[in-house]
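Peer 1: Counted the way numbering that gives the first Met the number 0 counts, the sequence shown spans residues 0 to 235.
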Amino acid sequence: MADAIRYNRIAHHGAGVLCPPGNTIEAIHLGVDAGADMIEIDVRTTRDEILVLEHNTFRPSAGRDVPIKDLSFSQWQQIAEEEHNAPALATLEAAFNAAASRGVGLLLDIKDGGIEKLLARLIRKVGADPRTLMLAAPSDASKVILRSLDPRLPIAHKIEPNDVESFSPKIIDTINTEGVFWPAKLITKERVARLIKKEVLVYAGPVSASQEMRRLRDECKVHGVVTEFPDVLATI
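1. Could you give the uninterrupted runs of the beta strand (DSSP E) lying entirely in the region 40-64, keeping only those of 3 residues or more?
2. May I have the straight-line CA-CA distance separating T44 from L107, to the nearest angstrom?
3. Which residue from G113, K184, G30, R123 puts its Cα closest to that of M212?
4. Counting C-beta neighbours from all protein chains within 10 Å, is the total for M37 16 or more, i.e. buried, or is it exposed?
5. Apart from the five residues on each side of it in sequence, which residues of its chain come closer than 8 Å, Cβ to Cβ, to S71?
6. Answer yes or no: do K180 and A155 have a C-beta to C-beta separation smaller than 7 Å?
7. Taking contact to mean at least 3 C-beta pairs separated by less than 8 Å, is the region 13-33 in contact with the region 116-132?
8. Need the endpoints of the alpha helix (DSSP H) that A314 sits in, please.
9. Could you please give me the residues that DSSP links to D108 through a beta bridge?
10. Should L152 and A1 be called a contact, given that it needs their Cβ atoms to be closer than 7 Å?
11. Could you name the residues of the same chain whose beta carbon sits closer than 8 Å to that of K68, not counting the 5 residues immediately before and after it, in chain order?
12. Can you name the residues that DSSP bridges to P229?
13. Within 8 Å, do at least three Cβ pairs link the region 184-194 to the region 215-234?
14. Let me make sure I understand the geometry here. Which of A93, V103, A79, L148 has the alpha-carbon closest to that of G113?
15. Under the DSSP definition of a beta bridge, which residues are partnered with R8?
16. Looking at the unbroken alpha helix (DSSP H) that takes in H28, where does it start and where does it end?
17. Does P66 come out as helix, strand or coil in the three-state DSSP assignment?
18. Helix, strand or coil for V143, going by three-state DSSP, please let me know.
19. With a threshold of 7 Å on Cβ separation, who are the neighbours of L232 within its own chain once the five nearest residues in sequence on each side are excluded?
20. Between P263 and the rest of its own chain, which residues show a CB-CB distance below 7 Å, the 5 nearest in sequence each way excluded?
21. Using 10 angstroms around the beta-carbon of A228, count the other beta-carbons present and answer buried if the total reaches 16, otherwise exposed.
So, in structure tokens, the structure goes:
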């Protein structure tokens with residue numbers, strides 16, 4: 000198993016609420032300023048294989064929704080300048096540099112399958128310490144590819160919010176990743192204890208209410224809470 004540093008306060012999309020819609024370099028810095036020691040960001044690729052920060056599959060352009068991967072990075076930058084309907088796309092390379100400059104970790108929520116080689120190549124290029132990362136893979140196939148590319152990379156088992164209803168606790172017995180990134184609804188004291196016994200880091204969220212932050216941290220004893228309000232989490 001790869002080594003991973005434990006982080007406690009994880010800002011969802013950077014400071015997504017303080018700097019809407021998040022997933023920007025400014026949001027990363029504001030998240031750190033608000034008390035986060037790790038930043039969760041979403042990763043996709045453009046047509047010319049530039050890894051960028053973006054939660055949604057599509058962005059609006061000229062009155063229609065266009066997949067992020069259908070246009071080049073420079074085309075998206077031009078659209079942002081001309082239409083002013085969304086912040087310019089930030090590159091993952093810039094996010095790595097921002098995180099390194101502030102001494103925080105990155106939880107990478109990989110949204111597009113098939114970008115594993117691009118991601119491993121970029122991590123080597125920027126010289127990021129794998130221990131400061133957690134890669135939430137989109138599929139079992141993605142996990143296998145990431146392992147083969149660089150066994151030092153910590154990988155998280157991810158469950159999307161819309162998959163909560165199909166969750167089975169039996170899945171804990173088969174998890175072979177360094178971490179999990181699960182919705183708060185799935186987090187119980189018993190499940191966290193089972194995961195900790197397997198030496199798996201538990202990152203839960205995103206959550207907004209301070210009461211839920213306390214439940215996850217104090218009752219369930221997760222390793223890290225993911226929240227849109229890192230400033231609130233830092234005060235409890």
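Note that CB positions come from ideal geometry on N, CA and C, so glycine has one too.
Peer 2: Straight from the coordinates:
1. 50-52, 57-60
2. 13 Å
3. K184
4. buried
5. T45, R46, D47, I49
6. In the sequence under discussion, the amino acid at residue 180 is Phe, which differs from the Lys named in the question. Contact: yes.
7. no
8. For the chain, the structure presents residues 0 to 235; residue 314 sits outside this window and is missing.
9. D41, A135
10. yes
11. R43, T44, T45, R46, D111
12. Answer is none; P229 lacks a bridge partner.
13. yes
14. L148
15. V224
16. 24-32
17. strand
18. helix
19. R8, G34, M212, V224, T226
20. Nothing in the structure corresponds to residue 263, since the chain is present only between 0 and 235.
21. Note on residue identity: the sequence assigns Phe, not Ala, to residue 228. Buried: at least 16 other Cβ atoms inside 10 Å.
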